[in-house]
Amino acid sequence: MEEKITELLEFFKALSDANRLKIVGLLAQGEYTVEQMAEMLNLRPSTVSHHLTRLSKAGLVSARSESYYNVYQLETSVLESMSQRLLAQETFPAVTAEVDMDAYDRKVINTFCEPDGRIRQFPAQQKKFEAILRYVIQAFEPGVRYSEKQLNEILKNYSDDTATLRRGFIEYKMMQRQGGGGEYWLTEMM
242 MEEKITELLE
252 FFKALSDANR
262 LKIVGLLAQG
272 EYTVEQMAEM
282 LNLRPSTVSH
292 HLTRLSKAGL
302 VSARSESYYN
312 VYQLETSVLE
322 SMSQRLLAQE
332 TFPAVTAEVD
342 MDAYDRKVIN
352 TFCEPDGRIR
362 QFPAQQKKFE
372 AILRYVIQAF
382 EPGVRYSEKQ
392 LNEILKNYSD
402 DTATLRRGFI
412 EYKMMQRQGG
422 GGEYWLTEMM
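Residue numbers (my numbering): 242 to 431.
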């Protein structure tokens, strides 16, 4: 995973400068020497060379000798494959593998719940209320249908205000219910 993070950082660093993006844009249109690009971009040749080195290190540009000059070209296939691979939907969640995803919920629970797990008070903020609901919903089994009475018995372990919790479960689609005081059950996502 550390490799993937390093590769992502190199890719974004290579493209994180306005002049490097302009160089990539120029090279997307054709091949140029350092001197040509320096003149077009109103930069010193040494500055353009520095940026080209950074882009070359990332594999995005290459050069070939032509008489006294190096002619640079954009490696479009590398750019496309790196973009597809590094920016794939599954890459970014994998980068968070070492992040404590439950830290926020734990903080909210510690703030709004007693040490015995009962809710001291319901938070006014929606995100914090959702964290409390995620905490309480863990008391229910997937695939089990609960009558309103059974649901309330379990919810009383957390709060006497069972109606707020029930409504929250339905509103945030954590549970579904059969109309008219019927059964409650966890949604498929839970």
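We treat Cβ as the ideally placed atom computed from N, Cα and C, and that holds for glycine.
In the DSSP assignment, the beta strand (DSSP E) including TYR425 goes from what residue to what residue?
425-427
If you check the beta carbons only, do TYR425 and MET415 fall under 8 Å apart?
no
Measure the CB-CB distance between LEU360 and PHE370 and report whether it falls below 8 Å.
Residue identity differs from the one stated: residue 360 is Ile in this sequence, not Leu. No, the Cβ-Cβ distance between ILE360 and PHE370 is not below 8 Å.
Could you name the residues of the same chain whose beta carbon sits closer than 6 Å to that of ILE378, not counting the 5 residues immediately before and after it, in chain order?
MET415
Residue from TYR376, MET323 and GLU321 with nearest C-alpha to LYS348
TYR376
Using only CA atoms, which one of THR428, GLY300, MET278 and LEU406 lies nearest to GLU382?
THR428
Unbroken beta strand (DSSP E) runs of length 3 or more, entirely within the region 359-410: which are they?
none
Does DSSP classify MET415 as helix, strand or coil?
coil
Can you tell me whether GLY271 sits near the ligand ZN, meaning its C-beta is under 7 Å from at least one heavy atom of the ligand?
No copy of the ligand ZN occurs in the structure displayed, which carries no ligand at all.
With DSSP as the reference, please indicate the residues paired to VAL289 in a beta bridge.
Paired residue(s): none; VAL289 is not in a bridge.
Relative to the alpha-carbon of LEU250, which residue among TYR413, THR288, SER324 and SER303 has its alpha-carbon at the smallest distance?
SER324
Which residues in the same chain as ALA255 place their Cβ atom closer than 8 Å to its Cβ, once the five residues preceding and following it in sequence are excluded?
ARG261, ARG295, LEU296, LYS298, ALA299 and LEU301
Kindly list the residues whose CB is nearer than 6 Å to the CB of LEU396, restricted to its own chain and excluding five residues on each side of it in sequence; keep chain order.
THR403 and LEU406
For LEU315, which of helix, strand or coil comes out of DSSP?
strand
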